[in-house]
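Peer 1: Could you have a look at this structure, given as C-alpha coordinates, before my questions?
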Amino acid sequence: MCRKRNRFIEVLLLILVVSLVTGGCALFSNVPPVARLAVTPSRGVSPLEVQFNGSASYDPDGRITRWSWDFGDGERGSGKSVTHRFTEPGTRLVRLTVRDNRGATTVGTTLIEVVEFNQPPVANMTFSPASGAAPLFVIMDGTTSTDEDGSIKNWTWDFGDGGTASGSIVSHRYLIPGTYTVKLTVSDDLLGTDTSSAKIVVSKAAPFLRQYEWNYAGRHFNWTVSIPSSLYYEYQSRIRGAWDQRDYDDYVLDPLDDDYLEGLVDWIRAEVGSDFYKIVECLFHFVQAAIDYAYDPLWYEYPRYPVETLVDETGDCEDTAILYASLVRTLGAGAMLVAVDTDHNGVPDHMITLVPVSQAYADATVCTNGCVNSFWTYGGQLYAFAETTGEPDLMGYYFELGCDPWGLTEIDFKITWDVSSIDVGPKIKRWDPVSQ
9 MCRKRNRFIE
19 VLLLILVVSL
29 VTGGCALFSN
39 VPPVARLAVT
49 PSRGVSPLEV
59 QFNGSASYDP
69 DGRITRWSWD
79 FGDGERGSGK
89 SVTHRFTEPG
99 TRLVRLTVRD
109 NRGATTVGTT
119 LIEVVEFNQP
129 PVANMTFSPA
139 SGAAPLFVIM
149 DGTTSTDEDG
159 SIKNWTWDFG
169 DGGTASGSIV
179 SHRYLIPGTY
189 TVKLTVSDDL
199 LGTDTSSAKI
209 VVSKAAPFLR
219 QYEWNYAGRH
229 FNWTVSIPSS
239 LYYEYQSRIR
249 GAWDQRDYDD
259 YVLDPLDDDY
269 LEGLVDWIRA
279 EVGSDFYKIV
289 ECLFHFVQAA
299 IDYAYDPLWY
309 EYPRYPVETL
319 VDETGDCEDT
329 AILYASLVRT
339 LGAGAMLVAV
349 DTDHNGVPDH
359 MITLVPVSQA
369 YADATVCTNG
379 CVNSFWTYGG
389 QLYAFAETTG
399 EPDLMGYYFE
409 LGCDPWGLTE
419 IDFKITWDVS
429 SIDVGPKIKR
439 WDPVSQ
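Sequential numbering from 9 applies to the sequence shown in the working numbering.
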(Lines of atoms letter the chains of each structure in order from A; the text may use other names.)
(Lines give C-alpha, C1' and ligand atoms only; values in the text may rest on other atoms or scores of the structure.)
Protein backbone atom coordinates (compact mmCIF):
# COMPACT_ATOMS: atom_id res chain seq x y z
CA MET A 9 0.00 0.00 0.00
CA CYS A 10 2.76 2.41 0.87
CA ARG A 11 4.47 1.80 -2.47
CA LYS A 12 1.20 2.48 -4.37
CA ARG A 13 0.57 5.75 -2.50
CA ASN A 14 4.09 6.93 -3.28
CA ARG A 15 3.54 6.13 -6.97
CA PHE A 16 0.34 8.21 -7.00
CA ILE A 17 2.13 11.18 -5.48
CA GLU A 18 4.89 10.87 -8.08
CA VAL A 19 2.33 11.01 -10.88
CA LEU A 20 0.73 14.17 -9.44
CA LEU A 21 4.12 15.83 -9.09
CA LEU A 22 4.97 14.89 -12.69
CA ILE A 23 1.71 16.48 -13.95
CA LEU A 24 2.40 19.65 -12.00
CA VAL A 25 5.97 19.92 -13.34
CA VAL A 26 4.84 19.37 -16.93
CA SER A 27 2.11 22.00 -16.51
CA LEU A 28 4.54 24.59 -15.17
CA VAL A 29 7.05 23.88 -17.94
CA THR A 30 4.41 24.33 -20.65
CA GLY A 31 3.36 27.69 -19.16
CA GLY A 32 -0.05 26.74 -17.80
CA CYS A 33 -1.88 24.91 -15.07
CA ALA A 34 -3.59 21.75 -16.17
CA LEU A 35 -6.09 22.23 -13.40
CA PHE A 36 -7.46 25.48 -15.04
CA SER A 37 -8.97 26.08 -18.55
CA ASN A 38 -7.53 28.55 -21.14
CA VAL A 39 -9.76 31.32 -22.55
CA PRO A 40 -9.07 31.59 -26.31
CA PRO A 41 -7.93 34.91 -27.80
CA VAL A 42 -10.18 37.31 -29.71
CA ALA A 43 -9.31 38.05 -33.36
CA ARG A 44 -10.07 41.52 -34.65
CA LEU A 45 -8.90 42.91 -37.97
CA ALA A 46 -9.23 46.19 -39.85
CA VAL A 47 -8.63 46.69 -43.59
CA THR A 48 -8.07 49.74 -45.79
CA PRO A 49 -9.55 49.67 -48.39
CA SER A 50 -11.96 46.74 -48.54
CA ARG A 51 -12.88 47.34 -52.19
CA GLY A 52 -10.97 48.66 -55.17
CA VAL A 53 -9.65 48.29 -58.68
CA SER A 54 -7.02 45.68 -59.57
CA PRO A 55 -4.15 45.79 -58.73
CA LEU A 56 -5.34 46.69 -55.23
CA GLU A 57 -2.97 47.24 -52.31
CA VAL A 58 -4.65 46.66 -48.96
CA GLN A 59 -3.40 47.38 -45.45
CA PHE A 60 -4.37 44.82 -42.80
CA ASN A 61 -4.20 45.55 -39.09
CA GLY A 62 -4.79 42.97 -36.37
CA SER A 63 -3.44 44.97 -33.44
CA ALA A 64 -6.92 45.23 -31.90
CA SER A 65 -6.90 41.47 -31.24
CA TYR A 66 -6.42 40.49 -27.59
CA ASP A 67 -6.28 37.55 -25.15
CA PRO A 68 -8.46 37.85 -22.00
CA ASP A 69 -6.19 35.69 -19.80
CA GLY A 70 -2.81 35.93 -21.44
CA ARG A 71 -1.11 37.38 -24.47
CA ILE A 72 -1.13 36.89 -28.22
CA THR A 73 2.10 35.48 -29.57
CA ARG A 74 1.35 35.08 -33.28
CA TRP A 75 -0.72 36.75 -36.04
CA SER A 76 -1.04 34.65 -39.21
CA TRP A 77 -2.74 35.92 -42.38
CA ASP A 78 -4.30 33.96 -45.26
CA PHE A 79 -5.17 36.39 -48.07
CA GLY A 80 -7.40 33.98 -49.97
CA ASP A 81 -5.34 34.13 -53.16
CA GLY A 82 -2.70 31.57 -52.21
CA GLU A 83 -0.52 34.09 -50.42
CA ARG A 84 0.15 34.28 -46.68
CA GLY A 85 1.72 36.70 -44.22
CA SER A 86 2.46 37.22 -40.54
CA GLY A 87 2.62 40.09 -38.07
CA LYS A 88 0.24 42.52 -36.40
CA SER A 89 0.08 44.76 -39.48
CA VAL A 90 0.77 43.67 -43.05
CA THR A 91 0.23 44.97 -46.59
CA HIS A 92 -0.83 42.79 -49.50
CA ARG A 93 -1.39 43.46 -53.20
CA PHE A 94 -4.25 41.68 -54.97
CA THR A 95 -3.52 41.41 -58.69
CA GLU A 96 -6.56 39.48 -59.92
CA PRO A 97 -10.22 40.58 -59.83
CA GLY A 98 -12.54 38.70 -57.52
CA THR A 99 -13.81 38.49 -53.96
CA ARG A 100 -11.28 37.14 -51.44
CA LEU A 101 -11.98 35.76 -47.98
CA VAL A 102 -9.09 36.91 -45.81
CA ARG A 103 -8.42 35.01 -42.56
CA LEU A 104 -6.49 36.21 -39.54
CA THR A 105 -5.47 33.50 -37.07
CA VAL A 106 -4.23 34.63 -33.68
CA ARG A 107 -2.51 32.28 -31.21
CA ASP A 108 -2.06 32.95 -27.50
CA ASN A 109 0.71 31.95 -25.12
CA ARG A 110 -1.06 28.68 -24.26
CA GLY A 111 -1.52 27.57 -27.82
CA ALA A 112 -5.20 28.45 -28.25
CA THR A 113 -6.19 29.97 -31.60
CA THR A 114 -9.08 32.00 -33.02
CA VAL A 115 -9.84 32.97 -36.62
CA GLY A 116 -11.27 36.30 -37.80
CA THR A 117 -12.38 36.90 -41.40
CA THR A 118 -13.20 39.72 -43.79
CA LEU A 119 -13.99 40.06 -47.49
CA ILE A 120 -11.90 42.00 -50.01
CA GLU A 121 -13.54 42.84 -53.33
CA VAL A 122 -11.22 43.45 -56.26
CA VAL A 123 -12.81 44.70 -59.48
CA GLU A 124 -11.29 44.82 -62.94
CA PHE A 125 -12.24 48.46 -63.55
CA ASN A 126 -14.32 51.25 -61.95
CA GLN A 127 -17.18 53.01 -63.67
CA PRO A 128 -16.72 56.66 -62.58
CA PRO A 129 -19.65 58.46 -60.95
CA VAL A 130 -21.69 61.09 -62.76
CA ALA A 131 -22.03 64.48 -61.08
CA ASN A 132 -25.35 66.25 -61.41
CA MET A 133 -26.80 69.23 -59.54
CA THR A 134 -29.87 71.43 -59.36
CA PHE A 135 -30.27 74.98 -58.00
CA SER A 136 -33.16 76.72 -56.31
CA PRO A 137 -33.18 79.44 -57.52
CA ALA A 138 -30.61 79.67 -60.32
CA SER A 139 -30.88 83.46 -60.61
CA GLY A 140 -32.13 86.49 -58.72
CA ALA A 141 -31.21 89.78 -57.13
CA ALA A 142 -28.47 90.13 -54.52
CA PRO A 143 -28.37 88.99 -51.82
CA LEU A 144 -29.34 85.68 -53.41
CA PHE A 145 -29.79 82.63 -51.17
CA VAL A 146 -29.39 79.44 -53.21
CA ILE A 147 -30.01 75.81 -52.22
CA MET A 148 -27.82 73.40 -54.20
CA ASP A 149 -28.77 69.72 -54.51
CA GLY A 150 -26.34 67.03 -55.68
CA THR A 151 -28.42 63.99 -54.73
CA THR A 152 -29.24 63.22 -58.37
CA SER A 153 -25.57 62.32 -58.97
CA THR A 154 -25.17 58.58 -59.71
CA ASP A 155 -22.64 55.74 -59.61
CA GLU A 156 -23.54 52.60 -61.61
CA ASP A 157 -21.18 50.13 -59.95
CA GLY A 158 -20.91 51.49 -56.43
CA SER A 159 -21.92 54.43 -54.30
CA ILE A 160 -21.04 58.12 -54.03
CA LYS A 161 -19.18 58.94 -50.83
CA ASN A 162 -18.35 62.66 -51.12
CA TRP A 163 -19.85 65.81 -52.62
CA THR A 164 -17.54 68.86 -52.77
CA TRP A 165 -18.81 72.30 -53.86
CA ASP A 166 -17.00 75.37 -55.18
CA PHE A 167 -19.41 78.32 -55.25
CA GLY A 168 -17.33 80.45 -57.61
CA ASP A 169 -16.95 83.36 -55.18
CA GLY A 170 -14.28 81.84 -52.97
CA GLY A 171 -16.71 79.86 -50.85
CA THR A 172 -16.70 76.05 -50.59
CA ALA A 173 -18.73 73.38 -48.83
CA SER A 174 -19.28 69.62 -48.70
CA GLY A 175 -22.43 67.52 -48.55
CA SER A 176 -25.12 66.25 -50.88
CA ILE A 177 -27.33 69.32 -50.22
CA VAL A 178 -25.81 72.71 -49.33
CA SER A 179 -26.79 76.38 -49.38
CA HIS A 180 -24.93 79.60 -50.12
CA ARG A 181 -25.67 83.34 -50.11
CA TYR A 182 -24.33 85.54 -52.94
CA LEU A 183 -23.98 89.15 -51.83
CA ILE A 184 -22.43 90.79 -54.88
CA PRO A 185 -24.05 90.89 -58.35
CA GLY A 186 -22.32 88.84 -61.04
CA THR A 187 -22.26 85.50 -62.84
CA TYR A 188 -20.74 82.67 -60.80
CA THR A 189 -19.61 79.24 -61.99
CA VAL A 190 -20.55 76.60 -59.44
CA LYS A 191 -18.63 73.31 -59.52
CA LEU A 192 -19.70 70.03 -57.94
CA THR A 193 -17.14 67.22 -57.64
CA VAL A 194 -18.36 63.79 -56.55
CA SER A 195 -16.19 60.79 -55.60
CA ASP A 196 -17.29 57.17 -55.26
CA ASP A 197 -16.24 54.31 -53.01
CA LEU A 198 -13.45 53.35 -55.46
CA LEU A 199 -12.05 56.92 -55.53
CA GLY A 200 -13.44 57.65 -58.97
CA THR A 201 -14.44 61.30 -59.48
CA ASP A 202 -16.50 63.49 -61.78
CA THR A 203 -17.08 67.25 -61.89
CA SER A 204 -20.06 69.19 -63.17
CA SER A 205 -20.46 72.97 -63.43
CA ALA A 206 -23.32 75.42 -63.91
CA LYS A 207 -23.95 79.17 -63.74
CA ILE A 208 -25.62 81.25 -61.04
CA VAL A 209 -26.66 84.73 -62.18
CA VAL A 210 -26.94 87.35 -59.44
CA SER A 211 -28.43 90.64 -60.55
CA LYS A 212 -28.16 94.04 -58.94
CA ALA A 213 -30.92 94.67 -56.44
CA ALA A 214 -32.95 97.85 -56.48
CA PRO A 215 -31.80 100.50 -53.99
CA PHE A 216 -33.60 101.03 -50.71
CA LEU A 217 -35.75 104.15 -50.85
CA ARG A 218 -36.43 105.47 -47.36
CA GLN A 219 -38.46 108.44 -46.13
CA TYR A 220 -38.15 109.75 -42.56
CA GLU A 221 -40.33 112.22 -40.68
CA TRP A 222 -39.75 114.01 -37.36
CA ASN A 223 -40.36 117.28 -35.56
CA TYR A 224 -37.93 119.81 -34.15
CA ALA A 225 -38.37 123.35 -32.83
CA GLY A 226 -41.99 123.52 -33.93
CA ARG A 227 -41.23 122.38 -37.48
CA HIS A 228 -41.98 119.14 -39.34
CA PHE A 229 -39.11 117.60 -41.31
CA ASN A 230 -39.25 115.07 -44.12
CA TRP A 231 -36.06 113.56 -45.59
CA THR A 232 -35.85 110.98 -48.40
CA VAL A 233 -32.75 108.98 -49.30
CA SER A 234 -31.83 106.20 -51.73
CA ILE A 235 -29.30 103.72 -50.31
CA PRO A 236 -27.67 101.11 -52.59
CA SER A 237 -28.64 97.58 -51.62
CA SER A 238 -25.06 96.47 -52.24
CA LEU A 239 -23.85 98.77 -49.44
CA TYR A 240 -26.48 97.49 -47.04
CA TYR A 241 -25.65 93.84 -47.73
CA GLU A 242 -21.93 94.56 -47.50
CA TYR A 243 -22.47 95.63 -43.89
CA GLN A 244 -24.82 92.72 -43.21
CA SER A 245 -22.17 90.24 -44.37
CA ARG A 246 -19.66 91.41 -41.78
CA ILE A 247 -19.08 89.15 -38.78
CA ARG A 248 -20.02 90.55 -35.38
CA GLY A 249 -17.62 89.73 -32.60
CA ALA A 250 -18.54 88.82 -29.06
CA TRP A 251 -19.26 91.68 -26.63
CA ASP A 252 -15.86 91.43 -24.93
CA GLN A 253 -14.11 91.47 -28.34
CA ARG A 254 -16.13 94.28 -29.89
CA ASP A 255 -14.72 97.69 -30.76
CA TYR A 256 -17.51 100.16 -31.48
CA ASP A 257 -15.03 102.49 -33.18
CA ASP A 258 -15.35 100.22 -36.22
CA TYR A 259 -19.07 100.94 -36.56
CA VAL A 260 -18.70 104.72 -36.33
CA LEU A 261 -15.45 105.22 -38.23
CA ASP A 262 -16.15 102.96 -41.22
CA PRO A 263 -15.93 105.21 -44.31
CA LEU A 264 -18.28 103.41 -46.73
CA ASP A 265 -21.42 105.14 -45.45
CA ASP A 266 -19.94 108.63 -45.02
CA ASP A 267 -21.62 110.03 -48.14
CA TYR A 268 -25.11 109.20 -46.85
CA LEU A 269 -24.47 110.49 -43.33
CA GLU A 270 -22.96 113.70 -44.69
CA GLY A 271 -25.94 114.01 -47.04
CA LEU A 272 -28.35 114.05 -44.10
CA VAL A 273 -26.24 116.54 -42.15
CA ASP A 274 -25.94 118.85 -45.17
CA TRP A 275 -29.70 118.67 -45.73
CA ILE A 276 -30.41 119.59 -42.09
CA ARG A 277 -27.84 122.39 -42.23
CA ALA A 278 -29.70 123.81 -45.21
CA GLU A 279 -32.98 123.64 -43.25
CA VAL A 280 -31.96 124.98 -39.81
CA GLY A 281 -28.84 127.00 -40.58
CA SER A 282 -25.21 126.54 -39.66
CA ASP A 283 -25.59 126.79 -35.86
CA PHE A 284 -23.88 123.69 -34.41
CA TYR A 285 -26.37 123.18 -31.59
CA LYS A 286 -29.42 123.46 -33.82
CA ILE A 287 -27.92 120.84 -36.13
CA VAL A 288 -27.04 118.34 -33.37
CA GLU A 289 -30.45 118.86 -31.71
CA CYS A 290 -32.29 118.31 -34.99
CA LEU A 291 -30.18 115.19 -35.63
CA PHE A 292 -30.98 114.05 -32.10
CA HIS A 293 -34.72 114.33 -32.74
CA PHE A 294 -34.29 112.58 -36.08
CA VAL A 295 -32.66 109.53 -34.44
CA GLN A 296 -35.25 109.39 -31.66
CA ALA A 297 -38.33 109.82 -33.86
CA ALA A 298 -37.38 108.28 -37.22
CA ILE A 299 -35.83 105.07 -35.84
CA ASP A 300 -38.19 102.69 -34.05
CA TYR A 301 -36.83 100.93 -30.98
CA ALA A 302 -36.51 97.14 -31.24
CA TYR A 303 -34.78 94.67 -28.94
CA ASP A 304 -32.18 92.26 -30.26
CA PRO A 305 -32.85 88.56 -29.55
CA LEU A 306 -31.94 87.59 -25.99
CA TRP A 307 -29.37 85.10 -27.24
CA TYR A 308 -27.52 87.47 -29.58
CA GLU A 309 -26.55 91.14 -29.50
CA TYR A 310 -26.32 92.45 -33.08
CA PRO A 311 -24.83 95.95 -33.43
CA ARG A 312 -25.83 97.67 -36.65
CA TYR A 313 -23.75 99.93 -38.84
CA PRO A 314 -25.45 103.32 -39.47
CA VAL A 315 -26.62 102.35 -42.97
CA GLU A 316 -28.22 99.19 -41.59
CA THR A 317 -30.15 101.22 -39.02
CA LEU A 318 -31.27 103.70 -41.68
CA VAL A 319 -32.50 100.94 -44.00
CA ASP A 320 -34.11 98.85 -41.26
CA GLU A 321 -35.61 101.99 -39.67
CA THR A 322 -35.26 100.18 -36.37
CA GLY A 323 -32.62 99.45 -33.74
CA ASP A 324 -31.85 99.17 -30.06
CA CYS A 325 -29.81 101.49 -27.83
CA GLU A 326 -26.41 100.63 -29.29
CA ASP A 327 -27.70 100.99 -32.88
CA THR A 328 -29.20 104.45 -32.33
CA ALA A 329 -26.19 105.57 -30.26
CA ILE A 330 -23.85 104.47 -33.07
CA LEU A 331 -25.98 106.28 -35.65
CA TYR A 332 -26.13 109.51 -33.66
CA ALA A 333 -22.40 109.48 -32.85
CA SER A 334 -21.66 108.91 -36.55
CA LEU A 335 -23.84 111.86 -37.58
CA VAL A 336 -22.29 114.20 -34.99
CA ARG A 337 -18.83 113.11 -36.08
CA THR A 338 -19.51 114.28 -39.66
CA LEU A 339 -19.68 117.80 -38.21
CA GLY A 340 -16.08 117.45 -37.08
CA ALA A 341 -17.13 117.07 -33.44
CA GLY A 342 -15.69 114.29 -31.32
CA ALA A 343 -18.70 112.37 -30.06
CA MET A 344 -18.37 109.49 -27.61
CA LEU A 345 -20.15 106.18 -27.01
CA VAL A 346 -20.60 105.03 -23.42
CA ALA A 347 -21.80 101.67 -22.04
CA VAL A 348 -23.66 102.49 -18.83
CA ASP A 349 -25.20 100.60 -15.92
CA THR A 350 -28.81 101.78 -15.57
CA ASP A 351 -29.86 99.35 -12.83
CA HIS A 352 -26.70 99.98 -10.76
CA ASN A 353 -25.62 96.34 -10.42
CA GLY A 354 -22.12 96.82 -11.78
CA VAL A 355 -22.87 95.40 -15.25
CA PRO A 356 -23.28 97.63 -18.35
CA ASP A 357 -26.76 97.19 -19.83
CA HIS A 358 -27.33 100.26 -21.99
CA MET A 359 -25.53 102.58 -24.40
CA ILE A 360 -25.72 106.36 -24.74
CA THR A 361 -23.92 109.06 -26.73
CA LEU A 362 -21.98 112.04 -25.42
CA VAL A 363 -21.92 115.21 -27.56
CA PRO A 364 -19.39 118.06 -27.06
CA VAL A 365 -21.03 121.29 -25.90
CA SER A 366 -20.11 124.58 -24.26
CA GLN A 367 -20.68 125.58 -20.64
CA ALA A 368 -23.14 128.20 -21.82
CA TYR A 369 -25.19 125.47 -23.49
CA ALA A 370 -25.16 123.42 -20.28
CA ASP A 371 -26.23 126.42 -18.19
CA ALA A 372 -29.18 127.07 -20.50
CA THR A 373 -30.45 123.48 -20.50
CA VAL A 374 -33.63 122.80 -18.52
CA CYS A 375 -34.77 119.17 -18.23
CA THR A 376 -38.37 118.03 -17.71
CA ASN A 377 -40.33 114.77 -17.43
CA GLY A 378 -38.32 113.59 -14.44
CA CYS A 379 -34.95 113.89 -16.20
CA VAL A 380 -31.91 115.51 -14.60
CA ASN A 381 -29.31 117.75 -16.20
CA SER A 382 -26.40 115.55 -17.26
CA PHE A 383 -23.10 117.00 -18.48
CA TRP A 384 -19.69 115.35 -18.19
CA THR A 385 -16.06 116.32 -18.70
CA TYR A 386 -13.64 114.13 -20.59
CA GLY A 387 -10.11 115.21 -21.42
CA GLY A 388 -10.98 118.81 -20.61
CA GLN A 389 -14.01 118.83 -22.94
CA LEU A 390 -17.60 119.19 -21.74
CA TYR A 391 -20.15 116.70 -23.13
CA ALA A 392 -23.94 116.54 -23.06
CA PHE A 393 -25.74 113.28 -22.22
CA ALA A 394 -27.77 111.98 -25.22
CA GLU A 395 -30.39 109.26 -24.65
CA THR A 396 -31.16 108.17 -28.22
CA THR A 397 -33.98 105.73 -27.35
CA GLY A 398 -37.35 106.16 -25.69
CA GLU A 399 -40.98 106.90 -26.45
CA PRO A 400 -42.41 110.44 -26.72
CA ASP A 401 -44.52 111.83 -23.88
CA LEU A 402 -48.20 112.73 -24.20
CA MET A 403 -47.25 115.96 -25.93
CA GLY A 404 -45.06 114.14 -28.43
CA TYR A 405 -41.78 115.32 -26.93
CA TYR A 406 -38.69 113.11 -26.65
CA PHE A 407 -35.72 113.42 -24.28
CA GLU A 408 -33.73 116.58 -24.80
CA LEU A 409 -29.98 116.80 -25.23
CA GLY A 410 -28.23 116.98 -21.86
CA CYS A 411 -31.10 115.28 -19.98
CA ASP A 412 -30.68 111.92 -18.21
CA PRO A 413 -33.80 109.82 -17.46
CA TRP A 414 -31.77 107.25 -15.49
CA GLY A 415 -30.08 109.37 -12.82
CA LEU A 416 -26.62 107.95 -13.54
CA THR A 417 -23.49 108.71 -11.54
CA GLU A 418 -19.81 108.40 -12.43
CA ILE A 419 -19.66 104.80 -11.22
CA ASP A 420 -22.37 103.86 -13.73
CA PHE A 421 -20.17 104.83 -16.70
CA LYS A 422 -18.46 101.50 -17.43
CA ILE A 423 -16.86 101.63 -20.91
CA THR A 424 -16.15 104.65 -23.13
CA TRP A 425 -15.27 104.85 -26.81
CA ASP A 426 -13.90 108.17 -28.04
CA VAL A 427 -15.02 107.73 -31.64
CA SER A 428 -13.30 110.90 -32.77
CA SER A 429 -9.91 109.24 -32.44
CA ILE A 430 -9.19 106.41 -30.01
CA ASP A 431 -11.17 104.31 -27.55
CA VAL A 432 -9.17 105.11 -24.41
CA GLY A 433 -8.65 108.32 -22.52
CA PRO A 434 -9.00 110.12 -19.19
CA LYS A 435 -11.71 109.28 -16.69
CA ILE A 436 -15.13 110.81 -17.27
CA LYS A 437 -16.18 113.23 -14.54
CA ARG A 438 -19.56 114.76 -13.95
CA TRP A 439 -19.69 118.51 -14.56
CA ASP A 440 -21.54 120.39 -11.87
CA PRO A 441 -22.48 123.91 -13.08
CA VAL A 442 -22.76 125.08 -9.46
CA SER A 443 -19.08 124.38 -8.77
CA GLN A 444 -17.75 125.82 -12.03
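Note that CB positions come from ideal geometry on N, CA and C, so glycine has one too.
Return the CA-CA distance between residue 319 and residue 373, expressed in angstroms with no decimal places.
Peer 2: Going by the C-alpha atoms only, they are around 33 Å apart.
Peer 1: Flag this pair as touching only if the segment 410-421 and the segment 345-356 have three or more C-beta atom pairs under 8 Å; answer yes or no.
Peer 2: Yes, the segment 410-421 is in contact with the segment 345-356.
Peer 1: Per DSSP, which residues does residue 207 bridge with? Please list them.
Peer 2: For residue 207, which the question treats as bridged, DSSP gives the partners 189.
Peer 1: DSSP state of residue 286, grouped into three classes?
Peer 2: Residue 286: helix per DSSP, three-state reduction.
Peer 1: Decide if residue 100 is buried, meaning its Cβ has at least 16 other Cβ atoms within 10 Å, or exposed.
Peer 2: The residue is buried, with at least 16 neighbouring Cβ atoms inside 10 Å.
Peer 1: Roughly how many angstroms separate the alpha carbons of residue 202 and residue 232, rounded to a whole number?
Peer 2: Cα to Cα, residue 202 sits roughly 53 Å from residue 232.
Peer 1: How big is the Cα-Cα spacing for residue 274 and residue 224?
Peer 2: Rounded to the nearest angstrom, the two C-alpha atoms are 16 Å apart.
Peer 1: Can you grab the Cα-Cα spacing for the pair residue 102 / residue 65, in whole Å?
Peer 2: About 15 Å.
Peer 1: Can we say the segment 277-297 touches the segment 183-195, given the rule of at least three CB pairs closer than 8 Å?
Peer 2: These segments do not touch.
Peer 1: Below 8 Å between beta carbons: does that hold for residue 399 and residue 413?
Peer 2: No; because the gap between Cβ atoms is not below 8 Å, this pair is not in contact.
Peer 1: Look at the alpha carbon of residue 427 and the alpha carbon of residue 266, and state the distance between them as a whole number of angstroms.
Peer 2: Taking the straight line joining both Cα atoms gives about 14 Å.
Peer 1: Using the beta-carbon count (16 or more within 10 Å), is residue 348 buried or exposed?
Peer 2: Answer is buried; the Cβ neighbour count reaches 16.
Peer 1: From residue 96 to residue 145, what distance separates their C-alpha atoms?
Peer 2: C-alpha separation (whole angstroms): 50 Å.
Peer 1: May I have a chain-ordered list of the beta strand (DSSP E) segments no shorter than 3 residues that lie completely inside the segment 311-349?
Peer 2: Those beta strand (DSSP E) runs which fall completely within the segment 311-349 and span 3+ residues are 344-348.
Peer 1: Measure the beta-carbon distance from residue 341 to residue 361 and round it to whole angstroms, keeping in mind my assumption that it falls under 8 Å.
Peer 2: No, residue 341 and residue 361 are not in contact; Cβ-Cβ is about 11 Å, not under 8 Å.
Peer 1: Considering residue 368, what are the terminal residues of the beta strand (DSSP E) in which it resides?
Peer 2: Careful: residue 368 lies outside any beta strand (DSSP E), inside the alpha helix (DSSP H) at 367-372.
Peer 1: Ignore the nearest five residues each way along the sequence and tell me which others in residue 167's own chain have a CB closer than 7 Å to its CB.
Peer 2: Counting only Cβ-Cβ distances below 7 Å, and skipping sequence neighbours, we find 180, 188 and 190.
Peer 1: Grab me the residues of residue 221's own chain with a C-beta within less than 6 Å of its C-beta, minus the 5 sequence neighbours each way, in chain order.
Peer 2: Same-chain partners within the cutoff: 230.
Peer 1: May I ask you to list the residues that DSSP assigns as paired with residue 358?
Peer 2: According to DSSP, which records beta bridges pairwise, residue 358 is partnered with 348.
Peer 1: Distance check for residue 236 and residue 207, CA to CA, integer angstroms please.
Peer 2: Looking at the two C-alpha atoms, the distance is approximately 25 Å.
Peer 1: Taking 8 Å as the threshold (C-beta atoms), are residue 331 and residue 314 in contact?
Peer 2: Cβ distance < 8 Å, so residue 314 and residue 331 count as in contact.
Peer 1: Tell me whether residue 406 sits in a helix, a strand or coil according to DSSP, three-state version.
Peer 2: DSSP places residue 406 in coil when its eight states are reduced to three.
Peer 1: With a threshold of 7 Å on Cβ separation, who are the neighbours of residue 326 within its own chain once the five nearest residues in sequence on each side are excluded?
Peer 2: If we look at residue 326 and ignore the five residues flanking it on each side, its Cβ neighbours are 311 and 359.
Peer 1: Reducing DSSP to helix, strand and coil, say where residue 416 ends up.
Peer 2: Three-state DSSP puts residue 416 in coil, outside helix and strand.
Peer 1: Looking at C-alpha atoms only, which residue of 376, 377 and 346 is the closest neighbour of residue 384?
Peer 2: Out of 376, 377 and 346, 346 has the C-alpha closest to the C-alpha of residue 384.
Peer 1: Quick check on DSSP: helix, strand or coil for residue 127?
Peer 2: Note: residue 127 maps to coil in three-state DSSP.
Peer 1: Could you tell me which residues DSSP pairs with residue 411 in its beta bridges?
Peer 2: According to DSSP, residue 411 bridges with 381.
Peer 1: Using a threshold of 8 Å, state whether the C-beta atoms of residue 51 and residue 121 are closer than that.
Peer 2: Yes; because the gap between Cβ atoms is below 8 Å, this pair is in contact.
Peer 1: Of the residues 388, 391 and 407, which one's Cα is nearest the Cα of residue 377?
Peer 2: The shortest C-alpha separation from residue 377 is found at 407.
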